[in-house]
Amino acid sequence: MAANLWRTFSSTIWILTLVSSSRTRIYPPNEVTLLDTRTVPGELKWAASPSEGGWEEVSIMDEKNIPIRTYQVCNVLEPNQNNWLRTDWIPRSGAQRVYVEVKFTLRDCNSLPGVTGTCKETFNLYYHESNEDRESYIKESSFIKVDTVAADESFTQVDVGDRIMKLNTEVRDVKVTTRKGFYLAFQDVGACIALVSVRVFYKTCPLTVRNLATFPDTITGADTSSLVEVRGSCVNQSEEREEPKMYCGADGEWLVPIGGCLCNPGYEERGGACKACPAGFYKAKSTDPGCAKCPPHSHSLRDGATICDCHAGFFRADTDPPSMACTQPPSAPQQLISVVNETSVVLEWTPPHRLGGRSDTSYSLDSQVCVPCASDVLFSPGQTGLKATRVVVSELRAHTHYTFIVHARNGVSQASGAGAAQSVSVSVTTNQAAPSPVSSIQATDVTRHSLSLSWQQPDRPNGVILEYEVKFYEKDQRERSYRIMRTFSRSVDVTGLNPLTVYVFHVRARTAAGYGEFSAPFEFSTNSDPFPLIGEGVNSAFLLLSVSGVGILLLISAAVFIISRRRSKYSKTKQDSEEEKHLNPGVKIYVDPFTYEDPDQAIHEFAKEIDVSSIHIEKVIGMGEFGEVCSGRLRVQGKREIYVAIKSLKAGYSDKQRRDFLSEASIMGQFDHPNIIRLEGLWVSVLTCLPVSAIVPFQKHDGQFTVIQLVGMLRGIASGMKYLSDMNYVHRDLAARNILVNSNLVCKVSDFGLSRVLEDDPEAAYTTREATGTYLSPGGKIPIRWTAPEAIAYRKFTTASDVWSYGIVMWEVVSYGERPYWDMNNQDVIKAIEEGYRLPAPMDCPVVLHQLMLDCWERDRAERPTFSQILNMLDKLIRNPGTLRRTGGERYLQCMNAKTEISTSKLWSLCEWLQSIGLERYRDTLAAAGYTTRHRREQDRGGNNESQVKQSRNK
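Numbered by mature numbering (1 follows the signal peptide of the UniProt record, and there is no 0), the letters in the sequence shown go through residues -21 to -1, 1 to 934 in order.
Laid out in structure tokens, this is it:
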């Protein structure tokens, strides 16, 4: 029976071998074979145990008569089979994990009669690691089991006849990392099996080029989930952009490419390699995408060029990129003309006919004169590096011949071989001019009522001095009331002065060309002694009396100061700041332009003229008091372009309108602060048919803000108002509508058109352009909702009244533009304020901010904070934002729910009235007693509840 089984099995093997060997095997490129039994010539001669009756090597022939060595065993009739078959020693060649592919056939036990309990349908796979081939026998205990292998397809005798049998192919992986090689072993425990072929291999990630980096063959890791990091090397003519790395996966695939290389300058990537740029092309940097054609007026004659050489007569500046065309220097400027105005010369020219293909043409001026030029000659906007084609040269000598040379240059004018800069020249002779200002003034023989002044001739008289003019005034008057004296000499005696008074003196000289500018101010004080201070003795009795009087005055002043500092929490600091402004000579004081007889003189002193060519008008954005308001751009030499608003004086203006317009510009021209709208200058056209225009920065604003942003905006407004207060300037129309906000949330105080410095004249008219919310008083319109009570009643406008207005602005900002006092009319607002009503805190308003508003709305103006104190408080809030978290929102909602219209004919809710006077803590007590409104309710309850409420309030 056993012989029949063997014959049956042999015919099966033959059939299967013919089927298998008729196909050509192609293994994947990432698999390296260590053993393949089908390629071994001759016998395998593997070790078998037992040597007889177990595994048997059988040779069969395929259809090409090539012998194939197989092993088979079929001891299914005998129990307790333990047949071992061991391969020869297999070197692992650096592999850390190998794969065993076994092709075999297996007989179905159910097809074999009489083998129940002894027949098996599986076999076991083992391995053993060893450094060398020394083991001639099988030591079963040294082997480690890999797996028990079962067949997917088994066969029966019927299958053989029908020739429908199939090979089984099983692959198992083995981790081999401790020795140089290993053995494989197959254990049969009673199956009828034939090993057709055995292949042992390991996997690698094959050689590859990725991102211009070469990655070598790499053996996979020991674990099926391991990744082997491999660093690549850049291909020829390339450099590392970022360290090239990839990871070799367990299945032999490259994963996660990182970094890479770039072709060197002069080379580009083609087909995974770096190839040289051909002639006529170049590549300047490794980061450039590829070779580019040479730009105009340049060429490359060799392969691998990094830059193209310029043609003859063309140049490239050091800062020009290689991709830029080669260019030429410009030709000379054209049509140079000059206009002489006394000792100033205006030079204008047109650009060169040929710019050389560049846009960086600039100009420089040289001057030649028969005598050396004075060091203080001025070139406006400059002498070198000019972009404009117009220069004003001033401070020249009178009656002097000059030659001016204008050079044209561009970026390649200094290049080697470019030649000298092209130029054009013009000769002029200056005219008679007014003298320069007097540089210094000295005072001698100072008495109580007089002093003597002397000075030196101006540095540049520009002709014969015909006379000098001396202007002087008391320092406290700030040029509102001044006197003029004229003299032919360089000295004058000034009499009729007040004792112990500081006077400011200016001196200017006149020639046939007219008056020069006044000198800088010089201050001198008269004496309390009737005798001169210089060259005279001092009476000792008078000195003792003076010292005693001064001591008494100091004692009285100290007593007044101690009493006054106790009046309120704010009055002392406010007085100190006002005294500091008067005592500190370094503080700039505002000058009212209406004190000038000629508004053009105020404009000349406080505003600068802007060249019309620097302004580009874009569109009309509105109508102002004096004419159209446009938006545009201002380009000033040496500064970045800014957006501006252009306010113009409409055609057909009256003299008063022109004076008001120029006065507004004179006011704005005195201010220089980041939170005050700035006057960039005045554009006065030479042609009388064109308007006069004032240029101010154009602001834009939108968005909702956080509390800290709102506080920052309020801080900016307070900073601007402190600046105006320090200048002794009262705005008188401070409101949210007159605050401009730019995209960076910088607030700027604006609208100085009809404001005035504080005057003592109670009849001085004051109006505002804001028609809504104003009250027509005997002196003009007043913005009631923003104005302090004393200003409404007595027209007493001070910095303290600006503080009241600032409190309203705070309320507007925190309430996001809600109308102050809502729909109350002006009379109701005045009456409510007189009765002590104050605006409640807006929704989610921090308590500290509303308290600051209430401080600004103190009835007594001496009790209000100064802008300096407001600024300090806001700075503290910004530094400690936690103080802004507590709000009065809930209290506001409760009051607003109970709110009725505030009117003389309607009821005022108890909650709102108590809150306005700071006694809201008594709300529940009064409500429990039946008091719900402030006014009488005789019609509802028949009693005089008004007196009861007043009694409760008094309590």
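Beta carbons: idealized from backbone N, C-alpha and C, even for Gly.
Item: P20 burial status per 10 Å Cβ neighbour count (16 or more: buried); Value: exposed
Item: Neighbour-count burial assignment, I625, 16 or more Cβ in a 10 Å radius; Value: buried
Item: Option in M852, P360, R840, N804 with minimal Cα separation from S784; Value: R840
Item: Expected contact under 8 Å - CB spacing of G442 and A492 to nearest Å; Value: 6 Å
Item: Simplified DSSP state of E111, which is helix, strand or coil; Value: coil
Item: The beta strand (DSSP E) enclosing residue 937, as first and last residue numbers; Value: The requested residue 937 does not occur in the structure, where the chain is confined to residues -21 to 934.
Item: A173 classed as buried or exposed, judged by whether at least 16 other C-beta atoms fall within 10 angstroms; Value: buried
Item: Residue environment, D438, which counts as buried when at least 16 other CB atoms sit within 10 Å; Value: exposed
Item: Exposed unless 16 or more other CB atoms sit within 10 angstroms - verdict on W765; Value: buried
Item: Through-space distance from N707 to N804, alpha-carbon basis; Value: 33 Å
Item: Pick from T474, K598, L613 that is closest to E607, judged by C-alpha positions; Value: K598
Item: Boundaries (first-last residue) of the beta strand (DSSP E) holding Y50; Value: 46 to 53
Item: C-alpha gap between R220 and S392, whole angstroms; Value: 37 Å
Item: Rounded straight-line distance, which links the Cα of E22 to that of N59; Value: 29 Å
Item: Inter-residue spacing [alpha-carbon to alpha-carbon] between S302 and F650; Value: 49 Å
Item: Same chain, Cβ closer than 6 Å to F846, five either side skipped, listed in chain order; Value: A697, M700, K701, S704
Item: When A367, V407, T490 are compared against S415, the one with the closest alpha-carbon; Value: T490
Item: Beta strand (DSSP E) runs wholly inside the stretch 788 to 854, at least 3 long, in chain order; Value: none
Item: S418 to S498 span [Cα, whole Å]; Value: 6 Å
Item: Cut-off 7 Å between Cβ atoms - residues of its own chain near E80, not counting five sequence neighbours on either side; Value: T148, V150, R178
Item: Whole-number beta carbon distance between N410 and V325, since they are thought to touch under 8 Å; Value: The Cβ separation is near 13 Å, so there is no contact.
Item: C-beta contact flag for R86 and C53 at 8 Å; Value: yes
Item: Beta-carbon spacing of L56, A27 below 8 Å; Value: no
Item: Top-ranked residue by Cα proximity to K254, from T193, D288, S217, T423; Value: S217
Item: Beta strand (DSSP E) segments (min. 3 residues) lying fully within the stretch 321 to 374; Value: 323 to 329, 341 to 348, 357 to 359, 369 to 373
Item: Meets three-Cβ-pair contact criterion under 8 Å: the stretch 784 to 800 and the stretch 850 to 861; Value: no
Item: Helix, strand or coil at G611 according to DSSP, with G and I counted as helix; Value: strand
Item: Residue from I444, V425, P440, S470 whose Cα sits closest to the Cα of Y482; Value: V425
Item: Own chain, CB closer than 8 Å to L186, minus 5 neighbours either side, in chain order; Value: T193, F194, P195, D196
Item: Nearest residue (CA-CA) to L828, options K99, W790, R657; Value: W790
Item: DSSP state of I656 mapped onto helix, strand, coil; Value: coil
Item: Inter-residue CB distance, Q421 and S429 (contact presumed, cutoff 8 Å); Value: Actually they do not touch by this definition, with Cβ atoms about 15 Å apart.
Item: Span of the beta strand (DSSP E), counted from its first residue to its last, around M225; Value: 217 to 227
Item: Nearest-angstrom Cα separation, counted from Y162 out to M225; Value: 33 Å
Item: Burial state of E588, where buried means 16 or more other Cβ atoms lie within 10 Å; Value: exposed
Item: Among R462, G475, E448, nearest to R469 - alpha-carbon criterion; Value: E448
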